[in-house]
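**Q** Take this structure first; my questions come after.
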Amino acid sequence: MDKKKLQIALYWGAACGGCDVSVLDTNEFILDIAAACDIHMWPIAHDGKYKDIEALEDGFLDLAMYNGAVRNSENEHIAHLLRKKSKVMVAYGSCAHIGGIPGLANTFTREEIFESAYLKNPSIQEGNKTVPQPQTEVDGGELTIPAFYKRVYKLDDVVDVDYYIPGCPPAPEQCKAVLSLIVSGQPLPPKGSVVGASERALCEDCQRKKDEKMIKQFFRPWQIIQDPEKCLLEQGIVCAGSATRSGCGVRCPDSNMPCRGCYGPMPNVVDQGAKIISSVSSIIDSQDPEEIDKILSGIHDITGYAYRFGMAGSLLQRSVR
Amino acid sequence: MVKVLRTGVYICEAGTGAAGSVDLRMLAEYARELPSVVKVVECECPNPDPVSVGEQIRKDNFDRVVIAADSPGYFKPAFARAMSLAGKSPENVVLASFVGNGAGASGSTERAKAVICCAVSGVPFGLAASQRKKSVHPDTLVIGGGVGGIQAALEIAGAGKKVYMVEKLGTIGGKMAMFDKTFPTLDCSACILTPKMVSVGQNKNITLWTYAEVEGVSGSAGNYTVTVRKRARRVDEAACVSCNACSKTCPGEAPSEFDAGICMRKAIYIPFPQAVPNSFLIDEKACLWVTSGGQKCGTCVKKCAKEAIHLNARDEIVEITVGNIIVATGFQVFDAVKMERYGYGRLPNVITALEYERLTNASGPTGGNIVMKSLKYNKRKKVDEWVFGPDNPKPKNVAIIHCIGSRDHNHNRYCSRVCCMYSLKFAHLVREKLPDANCYEFYIDMRAYGKNYEEFLERVHEEGVHLVRGRTAKVEEADGQMRLKGEDIIGGKVLDFPVDLVILSVGLEPVPESEQLASLLGIARDEDGWYAEKDYNADPTGTERGGIYLAGVCQGPKDIPDTVAQASEVAARVIRSILSDQMQDSRNTLSLADIEDGLRRQE
Amino acid sequence: MTTECKIGVYVCSCGTNIGKMVDCDAVTGYTKNLPGVAVCKSYKYMCSNPGQEMIVKDIQRYGLDRVVVAACSPRMHEPTFRAAISHGGLNPYYLEMANIREQCSWVHDDHQQATDKAKALTCAAVKRVPFHEPFDMQSVPMNSASLVIGGGVAGLTAALELADANQPVYLVEKDGKLGGNLARIDLTSPYLDSAKDLLAERICRVTKNPKITVMLNSEVESISGYVGNFKAQIKSNGEAVTDIEIGSIIVCTGFREFDASKVGEYGYGRFPNVVTSFDLEKMLKEGRVVMKDGKTPKYVTIINCVGSRSGKYNRYCSRVCCMTALKYANGIKSAAPDAFITNLYTDMNAFGKGCEDFYRRSAERDTIFMMFDKHAPPTVSAAGKGEHFNMLVKVNEILSGEEVEIPADMVVLMVGMEAREDSMNVARLVNISRDKDGWFIESHPKLDPVATSTDGVFIAGACASPKDIPDTVAQARATTARILAKICQGEIWVEPVYAEINEDLCSGCRVCNELCPYSAIDYDPVKKRSAIISVMCKSCGGCVAGCPSGAIKARHFTDKQIFEQIEGVLEWASSRA
Amino acid sequence: MAVRANPNLLKQLKRYGADDVTKCFHCGTCSATCPLSQEPFLFPRKSMRYLQMGLGDRLKGNLEPWLCYYCGDCSDQCPREAQPGETMMSMRRWLTAKYDFTGLSMLFYESRTAEVAAIIVVGILSGIGFYLLGALSGGDFGSYPGFIPGHNAEYLTELGWDVKSVVLVMAVFVLGLLGINVLRMWWFTTGSRKDLNVPFDIYMKHILLCPWHFFTQKRYSECDKKKPWVVHIILMLGFVALFAVFLAHMIWQDDTHAHTYLGPLAGVMLVGASSFALSGRLNKTEAHYKYSHHSDMNFLYMCLFVGLTGLAQHIAGRIGCGAFANFMYILHMMGAVPMLLIQLPFTKWAHLVYRPHAMYFAAIQADVIAGREGAKGASAVPHKQSA
Amino acid sequence: MGFEPRIVGFLCNWCSYTGADLAGTSRIKYQPNVSIIRVMCSARIDPTFVLKALSMGADGVVICGCHPVDCHYISGNYKAMRRFPLLKKLLKEFGVEDERVRLEWVSASEGQRFSEVINDMTDKIRALGPSKIRVQLDADKVER
């Protein structure tokens, strides 16, 4: 092993895999990485075993990039492991950053999730009451599977995180830029920084024309024929762009879909969802409570709009039902 | 060369009511001598016939006609028609209005001459009657601490100029502070007024003297010396922290002015919790220590941990010099006892508008519950008394009667301008707080003339308030039940039905001190007792005396926005005079010769 | 940051006002141990001189850099203590008060709970105060010139008022002459004084005044800037453009009359002898109160509330028509003494000084008043053949309950006032709002009737709502009060507590733009950033909460400060739990 | 049905004393103040409205002016000094003129000269007549009551004259006039109204109201002020007493009782009440005395005159000044006859006929209306306007 | 001692805070469970504040502003009025009981009303029991 090379590991926690793919999506740049780094683990591309990692000295790794939320004990275990073995721990992608899509499960309890997945699911054979158990007695022995936690955590809930690269998934260019920076050996930003994203909101990069905003009715994207030049929010489509960091390359609004907020809250914002509801409701064009209610009834699934990606990272984090 | 216009002067006797003191004969003699005047016609007919006047004009070949009268506008159309019949230009009818130009008061013949002189010369009186400019003392006195006075004082202080504010009562705020809501927006009066009151209290450019009166005024425009009596509050304003310890043990009681007398306060009291200055004071008429000549009581002194109470404090007299004086003394409400037929003072549940304001006010004695009075034993006086209490029974039928003391030749002839709207507000509050109660408004004309007033009227109507055209005639009581008699004009009925609470929409009247203050200041009052403005249209806040201005209701009934606009107006004029360091001297000092001089300057 | 601060905490017992219910020693005992607290004392009357001196001395002795006073409501004594710490050499905004009197000792009756709450409130203040920032009063220069838009009586009055105070004024009038609507009027109500004299005096003084630049046939093309520092472009005679710099703008664009031909029932335009009030005004002035055929009318009916107080046209009352109608009744009586004059009204608005008398006097002169329901207006039709008059007015007279036919040779329609057709443009130009009827909206309908939500822009007269002459004149002068006050000060002082946009965080989404009721947020389309004009900000914080990017900071009420306060009030409570 | 506004009515009514009616702005105080104003007759406001607008037909068919006794409360309380009480009075004058088919009433009301002249002419004629009657019957001007016709009836009979028939002719003339006018009144107010259609039994049901009101003036006593009623009833009883004296004299030839006691009493009542009223009117002491039409003053002067001369005649006769008594007698008749021939049928005094009839017709109308509308609640609650 | 709710109140400076002061000057008693944080206008109240308070362990949050049309800043209270229903919808999803968060209009003269609001709210929350948010968030750290 060439000690000059960077020692890195990538891990895929409770996630869809898109983050791992996004690293692949840097295309030929991956060759530069391979040249510059020793990759110890990368589930989508490189077969590294847990025990290989465990075998490393503490702090051996220069960089660990963890994507995905923490949903079960295995996720947490590896998070701790990587933290121990690496100098720099990066939460990669929305799930690790702020909980991501898995975080939405915090609206429900573990029991509700099990019931829905294993008991009430139409694909379950009638009478089958099998629910995963962490430990199962089989032929006198005990089998274990990772324990399913009662809620989803974002990565920094369980381990200390040095940097965050937001996005679902992070834009390959951003990934490339961050990795280039690390490889170049230039000084790193202060700990806790969000890297690979802009300090400004998505609107900065969105090319749609923005005007003063007053909304009389909300729509879902499919309900109207959009004006492709005009700000989506002005057209009554709840777009989280103004409350979300830019850096993604305006992928959604450019495809006529509103921003869902995967790049997470703005630097000064504590709770992205609260900001979304605050700003969206502020610009309702009515002073009559009944009319306001009517207008607001156009917003379906407020949690989905406010916390599509950020629930586990929000102030309340989870439902208390 | 300008052609000399052959001018005929018509001196009309008819309608010479107020200017009865004008000597018309002398006036005619004077007019005859004026240049270009070919004839003076003395005209007695109250309704001159345009045709015959036209013939006369043709005969005498007048190119121009001057109508000199109290209110020559009444004749103007006839003369315009006469001129056109005579083939002359109707543009050349000139008015010489005595009343409009201050010739209503005594010594008016001279002024009337000047008015005619200006009219004959074709120069507006206001241009000719301009006074010498005088320099201005930069301080200002504001008399009255109601919303008008507050607004004026804050505007002037905002310009960095010094203001003295003298208020008769123990706190500023005036009547507006007593109100619950203000029409038509229904915003809470205290919410919008108290911040302004606090600003007055904290503004370093404003010297606030409450519980004080103006005792003497001397000097002239731009430089008045004013004597102010600061009556002894007997409580040190600066030291008092309004902790209320003193009043708890105070044995003296008097009806609370702030609560329009519907409940009692102690002899040592704070007018209301948000009073400015936020300090207690002692009502010497109710204080046992004062009335006993210092023999009895004095418990409050012991209770005051800050030693703020000085029972033997004396009135203080201070003298100040100011350049401008703003009179904003406001109004009092009509005394409904004078209209015996409504039973006010005799029937407990007939109340006046101000009393209702306190009754419905959340900070009032019933916490805003609209209730009837009930008999309660007064331990101190050992008698049963009719009092309001928060848990008293609620009225089922509420009648609101407009125009009490207003639009009435037996009382005040003028319209009080605000009653219709405040009555509608009352009705709205009744409907809001007592949804089961019937509410009736008895009106003559519904004067909803301001911005959003008509909309408010319709809203109240839609809320189910019965609007009945017809002022009721009387309120009587039989077997413990009040009955109201009135004509429902539009319904074509005489009404005689039971009511539980009657609210009298009392009109506005000049304060009793206004006569004295007018003579102190040397300003005129109109026949209804309001201070007279210099010119109804052109100068609604000025007086004949330079540097003395009127703001708000003391000039005539007005609602809050109009009062505030006037207050800002006078503030503007004060600031203007200070900024340019010049002001016109009093107009009432102008002689005929001065005005003739002024005319020459104009030409 | 917290640890760097040295906080002095002063607990007032306000005699016994606080002390009786709150154990002040317990509060000091608890507070003393909070992080950052350098000194904590309790005193009988903090607001008294010794109390204030104690703070001043402690600032020097302990090197305090923040002060918390737990006493009465900040609404009462915040200015006092700010002055005190400023005297001690600290920025006045380094003070925080905990309201343990009005909102604690006076409203509770359990000693323990009241003391606990006082601790919580004090703790919140202690946690908040380290995040306070120092501010100084700020100022921007005040341009002493003013722009008056509209040369009617309001504009003339306002211009004169400013010019008499030696301040330059630009008076812009769309028409070729000054006078506005008043120039069309001959006599004024209720005293029937000459409007010509009133106007002539003003116009004479305006044209002679060297401080006033009268711009006739001119319109304001564009306006930019903010209070004290506006720039305007005036287009004269359709071409010449003048650039002016002004500090204030007074809008007095007046009104237009209701178009009577909209009301079909009255037959305006159909019957030759149905005239509007303005037509009659002209006829009276020219001395020809005659019908189209030249005869003197024997029957004249005046109909009030044409286009006003109506469900169909304008809902509002036009305020002046009733008295104007009386003026016409008297005028016709004078010009055609034999005419039978009827006045159909809905409610007689004789509310001003002298008006009720005028009403009675008109009645005494045999004007017959008939009342109709505002929802059932009269109708005008041609008279039958052989009648000695030419029209019939039918009205459901509600005072008698009769359907009445009134013979009429001439019908006068008292047309109401409407917002001018160009009011929308004017509103956009000067950045003020209009209500549903098109009238300009004042800053506060009661206490600020001539200011608007845009600082430095004022409205006067009938452009804000229908108004008579005295009210217009009063308003016109009132607008100048604040202008002159600011000119006196020479600059505009701004409370340092306002909102500001962090340009590094703003992405130009423009969500905040509509949120400011004072139009203090300015969007720069080139930079694609919004910015707050601090002089116009009134610090409500609506935009701060509304900004999705967290780019707006409310000075002295920052998110962080409030979070600390929340933690503070709950921290003590959670430690108890 | 639409009615036509007419400017001339107001001009006309001004000649009857309705000078202030245009001041009224219809606040409704008067109608509600008046204790007599009850449904279905609400006055005086509505009548004033008819008058202002010139609705002559409405006014002509209106009974309401007669239902008012003019206590003056409404005028006192009127906020605009529109004098509703006086306006009602003027309307009564106008109605009297309207009921009178001869047109003389209108002449007398509208022209003071005409009334005064008529009184003087009739007075002089009757003076001459009675002198001649006395002289021709051989009466001695110095003897009293010998000069008075009827005291030597034989001579008259010889002449073919019967004092009774003279009286009868006069009575038929006056009553005939009044009768026709009352019929006209009935027609204007009740008969012509198709909406009423009064059944005969209702006419009979209330017929006694006429004499009842005539003698008691019960309704006047319902006013809040009682004094005017007292004065009026004294005056009225004075006339009744006089009439009784006259009847006693004429029919039963009983002079002693009636003449000795009732006559002077009636005279005192007449003089007392009329001088009270006159001084009230001259000094404008009370609301209802503030405004006086020439017909009011003429009537009171005549009452006073007749009363005083009657009393003087009586006293002079008693103390034996026969010539003076006879002179007074002639004067008395010079007053009494014009009163009977001019003022009773044509002017002020006619109200003694119209007013009781008005009560009667009003009761009939009220009955019909009440019957038609069923049991409508007495204590009305304000109706709700259309929004 | 039983459960004593902890309520955070956000009050606008011009109406509600003044109203609360008036309750004090009028000595109108109410339960001591509310701690008041003053803001200039109810429009300043970011939903984040409410979430923050709840996450910090508040059992209830009350927002008070001027009555509609009363706002010192013309229309600030309407902004609060618009934001509030959406916030409530969100809180419902998070399982926060309806009674815990309230928006009330209290004018400067309604000291009495302010005390009634606080008493009513305190009683209701006391009946409801403590908020689970803080407890659970703390527990989540220990027990997954």
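Chains as they are written, first to last, in the numbering used here: chain A, 156 to 476; chain B, 2 to 604; chain C, 74 to 650; chain D, 268 to 654; chain E, -5 to 138. From the three backbone atoms N, C-alpha and C, an ideal C-beta is built for every residue, glycine too.
Could you check how far apart the C-beta atoms of T289 (chain D) and D439 (chain C) are, in whole angstroms? I think they sit under 8 Å.
**A** As a working note, residue 289 (chain D) is residue 22 in the fourth sequence. As a working note, residue 439 (chain C) is residue 366 in the third sequence. Indeed they touch by this definition, with Cβ atoms about 5 Å apart.
**Q** Measure the C-alpha to C-alpha separation of I144 (chain B) and L209 (chain B) and round it to an integer number of angstroms.
**A** Indexing the second sequence from 1 puts residue 144 (chain B) at position 143. Indexing the second sequence from 1 puts residue 209 (chain B) at position 208. Their Cα atoms are separated by approximately 10 Å.
**Q** Starting from L471 (chain A), find everything on chain E with Cβ-Cβ shorter than 7 Å and list it in chain order.
**A** Numbered from 1 along the first sequence, position 316 holds the residue referred to as residue 471 (chain A). Within 7 Å Cβ-Cβ: L45, L48, S49, F88, I127.
**Q** Interface residues of chain C around P79 (chain E) at Cβ under 8 Å?
**A** Your numbering for residue 79 (chain E) matches position 85 in the fifth sequence. Here the premise fails: no neighbours, minimum Cβ distance about 15 Å.
**Q** Taking C-beta to C-beta, are D175 (chain A) and W167 (chain A) nearer than 8 Å?
**A** Position 20 of the first sequence, counted from the first residue, corresponds to residue 175 (chain A). Position 12 of the first sequence, counted from the first residue, corresponds to residue 167 (chain A). Yes, these two residues count as a Cβ contact at 8 Å.
**Q** Using a Cβ-Cβ distance cut-off of 8 Å, determine whether T374 (chain C) contacts chain B.
**A** The count along the third sequence starts at 1 and reaches residue 374 (chain C) at position 301. Cβ-Cβ to chain B under 8 Å: no for T374 (chain C).
**Q** Since V116 (chain B) is in the beta strand (DSSP E), which residue starts that stretch and which ends it?
**A** Counting from one through the second sequence, the residue named residue 116 (chain B) turns up at place 115. Looking at the DSSP string, V116 (chain B) is not in any beta strand (DSSP E); the run it does join, the alpha helix (DSSP H), is 109 to 122.
**Q** Closer than 7 Å between beta carbons: that is the criterion. Which residues of the region 12 to 25 of chain E meet it against chain B?
**A** Going along the region 12 to 25 of chain E in chain order, one finds T12, L16, T19, S20 with a Cβ nearer than 7 Å to chain B.
**Q** Whose Cβ in chain B lies nearer than 8 Å to the Cβ of D92 (chain E)?
**A** For this step, residue 92 (chain E) is matched to residue 98 along the fifth sequence. Within chain B, no residue comes near D92 (chain E); the closest Cβ sits about 25 Å away, beyond 8 Å.
**Q** Count the other CB atoms within 10 Å of the CB of M497 (chain C); is the residue buried (16 or more) or exposed (fewer)?
**A** The residue given as residue 497 (chain C) occupies position 424 in the third sequence. When all chains shown are included, M497 (chain C) counts as exposed.
**Q** Could you name the residues of chain D that K467 (chain C) contacts, counting a contact when the two beta carbons are closer than 8 Å?
**A** Here residue 467 (chain C) refers to the residue found at position 394 of the third sequence. The answer, in chain order, is A269.
**Q** Give the residues of chain D in contact with H410 (chain B), contact being defined as C-beta atoms less than 7 Å apart.
**A** Your numbering for residue 410 (chain B) matches position 409 in the second sequence. Near H410 (chain B) (Cβ distances below 7 Å), the residues of chain D are P346, R347, E348.
**Q** Rounded to whole angstroms, what's the CA-CA distance from G534 (chain C) to A273 (chain C)? Just pull it up for me.
**A** The sequence position of residue 534 (chain C) within the third sequence is 461, counting from 1. The sequence position of residue 273 (chain C) within the third sequence is 200, counting from 1. Taking the straight line joining both Cα atoms gives about 19 Å.
**Q** Is it buried or exposed for K105 (chain C), if we count other Cβ within 10 angstroms and need 16 for buried?
**A** As a position in the third sequence, residue 105 (chain C) is number 32, starting the count at 1. So K105 (chain C) ends up on the exposed side.
**Q** Interface residues of chain E around N388 (chain A) at Cβ under 7 Å?
**A** Your numbering for residue 388 (chain A) matches position 233 in the first sequence. Before going further, note that residue 388 (chain A) is Leu rather than Asn in the sequence given. Under the 7 Å cutoff, chain E gives no residues; its nearest Cβ is about 14 Å from L388 (chain A).
**Q** Hey, out of C:A171, C:V202, C:P203, C:H205, whose CA is closest to K190 (chain C)'s CA?
**A** The residue you call residue 190 (chain C) lines up with position 117 of the third sequence. Of C:A171, C:V202, C:P203, C:H205, the residue nearest in Cα terms is C:A171.
**Q** Does DSSP put I609 (chain D) in a helix, a strand or coil?
**A** Here residue 609 (chain D) refers to the residue found at position 342 of the fourth sequence. Of the three classes helix, strand and coil, the one that applies to I609 (chain D) here is helix, per DSSP.
**Q** Between the alpha carbons of M569 (chain D) and T614 (chain D), how many angstroms are there, rounded?
**A** If you number the fourth sequence from 1, residue 569 (chain D) lands on position 302. If you number the fourth sequence from 1, residue 614 (chain D) lands on position 347. Rounded to whole angstroms, M569 (chain D) to T614 (chain D) spans 12 Å at the Cα level.
**Q** Against chain D, with Cβ distances strictly below 8 Å, would G605 (chain B) count as a contact?
**A** This structure leaves residue 605 (chain B) out entirely; chain B is present only between 2 and 604.
**Q** Interface residues of chain E around P590 (chain C) at Cβ under 7 Å?
**A** Numbered from 1 along the third sequence, position 517 holds the residue referred to as residue 590 (chain C). Under the 7 Å cutoff, chain E gives Y67, I68, S69.
**Q** For H650 (chain D), which residues of its own chain have a beta-carbon under 8 Å away from its beta-carbon, when the five flanking residues on both sides are left out?
**A** For the purposes of this step, residue 650 (chain D) is taken as residue 383 along the fourth sequence, with counting starting at 1. With a pLDDT of 44 at H650 (chain D), under the threshold of 50, the modelled position of this residue cannot be trusted, and the question is left open.
**Q** Using 8 Å as the limit for Cβ to Cβ distance, is G162 (chain C) near chain A?
**A** Indexing the third sequence from 1 puts residue 162 (chain C) at position 89. Chain A contact via Cβ: absent.
**Q** What residue does the beta strand (DSSP E) around R329 (chain C) start on, and which one ends it?
**A** By 1-based counting over the third sequence, the position of residue 329 (chain C) is 256. Taken as a continuous stretch (DSSP letters only), the beta strand (DSSP E) holding R329 (chain C) covers 328 to 330.
**Q** Helix, strand or coil, according to DSSP, for N261 (chain A) in the structure here?
**A** The residue you call residue 261 (chain A) lines up with position 106 of the first sequence. It is helical.
**Q** Examine the Cβ distances between the region 175 to 188 of chain C and the region 21 to 37 of chain E and report whether three or more of them are shorter than 8 Å.
**A** Short answer: they touch.
**Q** Quick one: Cα of C192 (chain A) to Cα of C403 (chain A), how far?
**A** For this step, residue 192 (chain A) is matched to residue 37 along the first sequence. For this step, residue 403 (chain A) is matched to residue 248 along the first sequence. Using only the alpha carbons, I get a separation of about 25 Å.
**Q** Skipping 5 residues on each side, what residues in its chain have a beta carbon closer than 7 Å to that of P349 (chain B)?
**A** As a position in the second sequence, residue 349 (chain B) is number 348, starting the count at 1. Only K374, W387 meet the Cβ criterion.
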